[in-house]
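Asks:
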Amino acid sequence: MFHQRQLQAFVRTAELASFTRAAKDIHLSQPALSYLIRKLEGELGIALFARNTRTVVLTEGGALFLGHARRILADMSLALDDTRNVRELEQGKVTVAGLPSVASSLLPRAIAAFRKRHPKVTVVLRDGLADQVHQWVRRGEVDMGLGSPLQRDRELDFQPLFHDDLLLITPPRVVRRSESPWYGLDQMPYIAMAPGSSARHYADLAMEHAGRQVAPNWEVSFMSSAIAMVRAKLGYALLPASSVDVFNLDDITRLPVNMQEPREIGILRRKPLHASPALEAFLRQLRKQIPPTDDPAPDENGSASPA
Numbered sequence: 015m016f017h018q019r020q021l022q023a024f025v026r027t028a029e030l031a032s033f034t035r036a037a038k039d040i041h042l043s044q045p046a047l048s049y050l051i052r053k054l055e056g057e058l059g060i061a062l063f064a065r066n067t068r069t070v071v072l073t074e075g076g077a078l079f080l081g082h083a084r085r086i087l088a089d090m091s092l093a094l095d096d097t098r099n100v101r102e103l104e105q106g107k108v109t110v111a112g113l114p115s116v117a118s119s120l121l122p123r124a125i126a127a128f129r130k131r132h133p134k135v136t137v138v139l140r141d142g143l144a145d146q147v148h149q150w151v152r153r154g155e156v157d158m159g160l161g162s163p164l165q166r167d168r169e170l171d172f173q174p175l176f177h178d179d180l181l182l183i184t185p186p187r188v189v190r191r192s193e194s195p196w197y198g199l200d201q202m203p204y205i206a207m208a209p210g211s212s213a214r215h216y217a218d219l220a221m222e223h224a225g226r227q228v229a230p231n232w233e234v235s236f237m238s239s240a241i242a243m244v245r246a247k248l249g250y251a252l253l254p255a256s257s258v259d260v261f262n263l264d265d266i267t268r269l270p271v272n273m274q275e276p277r278e279i280g281i282l283r284r285k286p287l288h289a290s291p292a293l294e295a296f297l298r299q300l301r302k303q304i305p306p307t308d309d310p311a312p313d314e315n316g317s318a319s320p321a
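Everything in the sequence shown is counted per this note's numbering, starting at 15 for the first residue and increasing by one.
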């Protein structure tokens, strides 16, 4: 099939009506330009020019092909410009999925920092439960997901980033350093996240590890709802530590929970791995935003220090 240089030689020769001037214009020798046009004519199976010693005139087929050649060259130029812009992050799009806990904490910070560096790249955010994030990544609906591994999945690659511990949040109370964070909660209702969420899965594991056989009194879908219920003194809840920094919890007691299996948060991508320049840049920015992993410790008064 003909290539860009052949089309350039043909178009400039037709526009200038001269092999000599066209060759000089596109920095070729005249024999080289003539060879490109002969090769193009051979591939098309028609003569493009009616040649004589004085003028270069387009044939009927040449005149018809000229418009096509110009459009093909314009499309080639646009494709090269678009590719260059994507490479240089002058355009592009990244679609990211995340669990509610990271979609309300880590991801907004990462997106804001990324947009500041690359304002012409569009970032789309989807938030959903663990099953949804996995499905979106598996189906290729998003470029990457940020969440927890549910089970071994041969279609997905998981790159761990940090451990997200749980915080026990309760109405205001004092817990001495020598006491268990669960002290005094036997008669207090339990506010749980909805089944199927990653936060609920790890909360169940933490409760089991603590030897607590407690059925939830309430099950809510949003962390804001759980916090509002705790603030209203309706019970206690277990929430991911990564998410609580977006809420005002000054009037709520927060205590770290010793987890036998901490929740692991990482990058989920579909195999085989491929990353556009925009996604590679976003992943670099995301890793710079990883929060500290130190658990909040009780303060001098026995209450948990602010998260």
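Positions of the beta carbon are idealized from the N, C-alpha and C atoms, including for glycine.
Small disclaimer: the values here were computed from a predicted structure and weren't measured.
Can you check the stretch 258-313 for any alpha helix (DSSP H) of at least 4 residues that lies completely inside it and give the ranges in chain order?
Replies: Complete alpha helix (DSSP H) runs here, min 4: 291-302.
Asks: Which of the three DSSP states, helix, strand or coil, is assigned to residue 97?
Replies: Reduced to three states, the DSSP call for residue 97 is helix.
Asks: According to DSSP, is residue 169 part of a helix, a strand, or is it coil?
Replies: Three-state DSSP puts residue 169 in coil, outside helix and strand.
Asks: Three or more C-beta pairs under 8 Å: does that hold for the stretch 166-175 against the stretch 140-153?
Replies: Taking 8 Å as the limit for Cβ pairs, the verdict is that the stretch 140-153 does touch the stretch 166-175.
Asks: Please state whether DSSP places residue 202 in a helix, a strand or coil.
Replies: Residue 202: coil per DSSP, three-state reduction.
Asks: Report yes or no: do three or more beta-carbon pairs, one from the stretch 124-134 and one from the stretch 72-88, lie closer than 8 Å?
Replies: These segments do not touch.
Asks: Less than 8 Å between the CB atoms is what I'm expecting for residue 260 and residue 118, so what's the real figure, rounded?
Replies: Indeed, because the Cβ distance is near 5 Å, the residues count as touching under 8 Å.
Asks: Provide the residue span of the alpha helix (DSSP H) that contains residue 216, from first to last.
Replies: Counting along the chain, the alpha helix (DSSP H) containing residue 216 begins and ends at 212-223.
Asks: What are the start and end residues of the alpha helix (DSSP H) that includes residue 236?
Replies: Looking at the DSSP string, residue 236 is not in any alpha helix (DSSP H), and its letter there is neither H nor E.
Asks: Does DSSP put residue 73 in a helix, in a strand, or in coil?
Replies: Note: residue 73 maps to coil in three-state DSSP.
Asks: Go ahead and pull the three-state DSSP assignment for residue 197.
Replies: In the structure shown, residue 197 sits in coil (DSSP, three-state: anything other than H, G, I, E or B).
Asks: Return the chain-ordered ranges of every alpha helix (DSSP H) run that is complete within the stretch 106-144 and spans a minimum of 4 residues.
Replies: The stretch 106-144 contains these whole alpha helix (DSSP H) runs: 114-117 and 120-131.
Asks: Are the stretch 208-217 and the stretch 54-74 touching by the rule of at least three beta carbon pairs closer than 8 Å?
Replies: No: fewer than three Cβ pairs fall under 8 Å.
Asks: Does the count of Cβ pairs from the stretch 192-208 and the stretch 228-244 closer than 8 Å reach three?
Replies: The stretch 192-208, when compared against the stretch 228-244, does touch it at the 8 Å Cβ threshold.
Asks: Starting from residue 183, follow the beta strand (DSSP E) in both directions and report where the run begins and ends.
Replies: Counting along the chain, the beta strand (DSSP E) containing residue 183 begins and ends at 180-184.
Asks: Tell me the DSSP secondary structure of residue 154 in three-state form.
Replies: Residue state, collapsed to three classes: coil.
Asks: Suppose you measure from the CA of residue 61 to the CA of residue 291; what does that come to, to the nearest Å?
Replies: Using only the alpha carbons, I get a separation of about 44 Å.
Asks: Suppose you measure from the CA of residue 59 to the CA of residue 288; what does that come to, to the nearest Å?
Replies: Going by the C-alpha atoms only, they are around 41 Å apart.
Asks: Just how far apart, CA to CA, sit residue 212 and residue 89?
Replies: Straight-line Cα distance between these residues: approximately 47 Å.
Asks: I need the DSSP call for residue 315, collapsed to helix, strand or coil.
Replies: Note that residue 315 scores 34 on pLDDT, short of 50, meaning its location in the model is unreliable and no value can be drawn from it.
Asks: Using the C-alpha atoms, what's the distance from residue 124 back to residue 300?
Replies: Approximately 5 Å between the Cα atoms of the pair.
Asks: Following the continuous beta strand (DSSP E) through residue 254, name the residue where it begins and the one where it ends.
Replies: First-last of the beta strand (DSSP E) with residue 254: 250-254.
Asks: Would you call the CB atoms of residue 180 and residue 271 closer than 8 Å?
Replies: Yes, the pair counts as a contact, with Cβ atoms nearer than the cut-off.
Asks: Keeping to the same chain, check which residues put their C-beta closer than 6 Å to that of residue 87; ignore five residues upstream and five downstream.
Replies: Excluding positions up to five away in sequence, the list reads 21.
Asks: Taking the straight line between their C-alpha atoms, what separation do you get for residue 221 and residue 202?
Replies: Straight-line Cα distance between these residues: approximately 14 Å.
Asks: May I ask you to verify whether the stretch 244-255 touches the stretch 175-190, counting CB pairs closer than 8 Å and requiring at least 3?
Replies: Cβ pair count under 8 Å is three or more, so yes.
Asks: May I ask you to list the residues that DSSP assigns as paired with residue 174?
Replies: DSSP output for residue 174 lists 280 as bridge partner(s).
Asks: Is the beta carbon of residue 92 less than 8 Å from the beta carbon of residue 160?
Replies: In this structure, residue 160 does not lie closer than 8 Å to residue 92 by Cβ.
Asks: Span of the alpha helix (DSSP H) holding residue 19?
Replies: Where residue 19 is concerned, the enclosing alpha helix (DSSP H) stretches over 18-30.
Asks: Pick out whichever of 224, 237 and 227 has its Cα sitting closest to the Cα of residue 143.
Replies: Taking only the C-alpha atoms, the option nearest residue 143 is 237.
Asks: In the DSSP assignment, find the unbroken beta strand (DSSP E) run with residue 65 in it and report its ends.
Replies: Unbroken beta strand (DSSP E) run through residue 65: 63-65.
Asks: Work out the CA separation of residue 265 and residue 281 for me, nearest whole Å.
Replies: Spanning the two alpha carbons is a distance of roughly 34 Å.
Asks: Does DSSP put residue 59 in a helix, in a strand, or in coil?
Replies: The answer is coil: DSSP assigns residue 59 none of H, G, I, E or B.
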